[in-house]
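Notes for the one structure printed next.
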Amino acid sequence: MGIRLAVIGPLQAMDMGGLDLIYKGMKILYPLIDRSLDIQNLLKEKIERKELGIKTGKGFFQYPQQNHLPLKERDKKLLSLLTLFPVKE
13 MGIRLAVIGP LQAMDMGGLD LIYKGMKILY PLIDRSLDIQ NLLKEKIERK
63 ELGIKTGKGF FQYPQQNHLP LKERDKKLLS LLTLFPVKE
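So for the sequence shown, the numbering used here puts the first residue at 13; every next one is plus one.
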């Protein structure tokens, strides 16, 4: 996920991963690292409205049906970044 954040923000990364899956992970991890419930409550509301991210067409952002442009743009930027790190044999 680290290099992805160089070309997309954390909210779009969450949309791509699926807000329902992010929420499940947060329910396990957050009690150990953060007592705040703000983000968990926000995600729970989105899940209840079936706003799960790219897979449902809406999360923090809207994704028109069958439009894979966000993924294509992300991949194009990632490939460009990867050329900065040549493979050493």
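Note that the Cβ used here is the ideal one computed from N, Cα and C, for glycine as well. Since we're looking at a predicted model, the values are computed, not measured.
Once DSSP output is grouped into helix, strand and coil, what is the label at residue i?
i: lysine 70; result: strand
i: glutamate 101; result: coil
i: glutamine 77; result: coil
How big is the Cα-Cα spacing for residue i and residue j?
i: lysine 58; j: glycine 21; result: 18 Å
i: glutamate 85; j: phenylalanine 73; result: 15 Å
i: lysine 88; j: isoleucine 40; result: 33 Å
i: proline 43; j: glutamate 101; result: 43 Å
i: isoleucine 45; j: glycine 65; result: 25 Å
i: isoleucine 51; j: proline 76; result: 25 Å
Among all the DSSP beta bridges, which residues are the ones paired with residue i?
i: glycine 65; result: Lys70
Select from the options the residue whose C-alpha is nearest the C-alpha of residue i.
i: glutamine 24; options: Leu96, Glu101, Glu63; result: Glu63
i: isoleucine 34; options: Leu83, Asn53, Leu96; result: Asn53
i: glutamate 60; options: Pro98, Leu96, Asp32; result: Asp32
query = Should the segment 91–100 be called in touch with the segment 58–77, which here means at least 3 C-beta pairs below 8 Å?
reply = no
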